[in-house]
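K.L.:
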Amino acid sequence: MIEQHYTEEALLSLLDTRDADAVLGDPHLAACDMCSDALDSYKDIAGLLCDKDVWDEDDAFDSEPAAETLSRIRAFADSTAREDAEAMALVDQLLELPTEWWAEEVRSDERYATAGVVRRLVAVAHEAVDSTPTQASALTSIAVDLVDQLDLAKYDGELLAMLRGRAWRERAYALYYLGSVDAAKSAVQKATDAFSSCTLADVDIARTRLLDSMILSQNEEYEAAVASARASADVFATYGLQERTRAARWAETNVLVTSGRYREAIERYRQLESELNSGSPAQLAGIIVNTAYCYREMGESDRALPQYQFALGIYEDLGNRPEAARVRWNIAETLATTGKLAEAEKRYRAVGAEFESYGMIRDAALVKLNLAETALAQRRFAEAESLCQSVMKYFETIEAPYTSKALAALSYLREAAAMRKASAAVAEAVRRYIGRLPQQPSLLFAPPPLP
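FYI, my numbering numbers position 259 of the sequence shown as 310, with every residue one higher than the one before it.
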């Protein structure tokens, strides 16, 4: 079931509100990129209209809008609303068919040849990419083809260019998630080319560059990834888009973490923390957790543990039990790095049971890798082999672009444990590799040497 989006009137009322925190805390805007993007667009236009440079004060004009102009605006708004409503119904019908039928269905039925259908395909693909990436890829493939078939006499060239850019950007994201990095890079370029022909597409271009930063980071082009994320943040800041600015800065900092520049990352996290308002405790906890991770990776567990405890208190106060459990997981990992294996193992088992009670099956499975690591540190090879087999059963049941890679790494660890040649270091390498796969699904596994 697809959630109903805000109307233009509702978005304009949010634009007019003086309570910024209420807007930032709106649950639908937080979860829906389509409505968030629309609100950002209205903010852009409102900001431009507030700029005195766009008005020529020497030219007198009638403050009352022309009746003909109002009529055209209303007609356009009504037409777009009807088109979007029809598109929603059509795409919902399309989704009832087998995925392999979608493209032919759209090609053979001229009712799909509307801008509204393109917008709907892009929106549905965005919602589907995390859970069913192959379907998201199929939807975006249809969307980019459909844009080129739209009637040039019916739609303005600027509108088509914007639609083309957004369709290709969503296509790039789906391909990136599936691990097709080169194809994603090409799609990013096509999106950028489309946006470049638009009069006012700075924010869309910046969003596309932020995606490009993710791709560059995956290719280990870290300097270029940092520069791309930073450029996106600058554009968002220029337009007063605080949440997008913060997200871009966060993405830039994550690149620093990925490249091992932990000290720099901590400074950036501190800066992000100082910019947060008192109404963002969950974001604050996230920053603190990331800071603690950096300290742990630098071997400063004595500084990491208090940070984790602070973040744990925030999540518990918020009643966010899943995130609190994840922090407890991090605390157990930190204890393990200090050699407190018995205490770490006890906590792993407790948090694993907690994940299972919340239905967080993936996290519960990955905790077993931690347990395998502690078992191997104590030369309990049979136990480690059994734990690996259990994790493999989980990955055999899911559809993800990195499933085969995860299974190959786990099989390597299981066989090494069976031969009594695996070590805690080998288990750690496999655990870290599998942990990176959701963000880097095309990452190859480099088996660590066995003794």
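A virtual CB, placed ideally from N, CA and C, is assigned to each residue, including glycine.
Considering only C-alpha positions, which residue in the set V340, R217, D143 is nearest to K241?
P.N.:
R217
K.L.:
Note down, in chain order, each residue of its chain lying with its Cβ closer than 6 Å to the Cβ of E396, except the 5 sequence neighbours on either side.
P.N.:
T425
K.L.:
Can you tell which of A416, M470, Y453 has its C-alpha closest to the C-alpha of R430?
P.N.:
It is M470 whose Cα lies nearest to the Cα of R430.
K.L.:
Closer than 8 Å by C-beta to I317: which residues in its own chain qualify, once you throw out the five before and the five after it? Chain order, please.
P.N.:
Taking C-beta separations shorter than 8 Å and ignoring five residues to either side along the sequence, the partners of I317 in its chain run T342, C345, Y346, following chain order.
K.L.:
Using only alpha-carbon positions, find the residue among T309, I339, T448 that is nearest to L323.
P.N.:
I339
K.L.:
Could you check the C-alpha separation between Y273 and R319 for me, to the nearest Å?
P.N.:
16 Å
K.L.:
Compare the beta carbon distance of L464 and A428 with 7 Å and say whether it is the shorter of the two.
P.N.:
Cβ distance not < 7 Å, so L464 and A428 don't count as in contact.
K.L.:
Inspect the CB distances between the region 205-215 and the region 228-238 and report whether three or more fall short of 8 Å.
P.N.:
no
K.L.:
At what residues does the alpha helix (DSSP H) containing R300 begin and finish?
P.N.:
Per DSSP, the continuous alpha helix (DSSP H) segment holding R300 begins and ends at 293-309.
K.L.:
Quick check: the Cα distance between A234 and I266, rounded to an integer number of angstroms?
P.N.:
11 Å
K.L.:
What residue range is occupied by the uninterrupted alpha helix (DSSP H) comprising V418?
P.N.:
412-428
K.L.:
Taking the alpha carbon of T388 as the reference point, which residue from G350, T191, T448 has its own alpha carbon closest?
P.N.:
G350
K.L.:
For the structure I just gave you, are there three or more beta carbon pairs, one from the region 396-411 and one from the region 479-494, closer than 8 Å?
P.N.:
no
K.L.:
Just checking my contact of R297 with E315 at CB under 8 Å: how many whole Å lie between their CB atoms?
P.N.:
About 18 Å separates the two Cβ atoms, so there is no contact after all.
K.L.:
Could you work out which residue in T454, A478, D244, L261 is closest to L495 when comparing CA atoms only?
P.N.:
That would be T454, whose Cα lies nearest to the Cα of L495.
K.L.:
Using 7 Å as the threshold, is the C-beta distance between S268 and A276 below it?
P.N.:
yes
K.L.:
Consult DSSP for T342 and reduce its assignment to one of helix, strand or coil.
P.N.:
It is helical.
K.L.:
Throw me the rounded Cβ distance for the L363 and A375 pair, which I believe falls under 8 Å.
P.N.:
6 Å
K.L.:
Rounding to the nearest angstrom, what Cα-Cα distance links L261 and P373 in this structure?
P.N.:
28 Å
K.L.:
Kindly indicate which three-state DSSP category Q33 falls into: helix, strand or coil?
P.N.:
Absent from the model: residue 33. The displayed extent of the chain is 52 to 502, so no value can be given.
K.L.:
Please identify the residue among F432, P499, T250, N381 whose C-alpha is closest to the C-alpha of Y399.
P.N.:
N381
K.L.:
Does DSSP put I449 in a helix, in a strand, or in coil?
P.N.:
coil
K.L.:
Verify whether the separation of the beta carbon atoms of T309 and S352 is less than 7 Å.
P.N.:
no
K.L.:
Note the first and the last residue of the continuous alpha helix (DSSP H) segment covering G370.
P.N.:
G370 -> no alpha helix (DSSP H), and no H or E assigned at all.
K.L.:
Buried or exposed for T191, please, with buried defined as at least 16 other CB atoms from any protein chain shown within 10 angstroms of its CB.
P.N.:
buried
K.L.:
Within this structure, are the beta carbons of A416 and V378 separated by less than 7 Å?
P.N.:
no
K.L.:
Let me make sure I understand the geometry here. Which of E367, G311, P498 has the alpha-carbon closest to that of A336?
P.N.:
E367
K.L.:
V105: buried (16+ other C-beta within 10 angstroms of its C-beta) or exposed?
P.N.:
Note that V105 has pLDDT 49, beneath the 50 cutoff, so the model's placement of it is unreliable and no number is given.
K.L.:
What span of residues does the alpha helix (DSSP H) with V157 cover, start to end?
P.N.:
153-159
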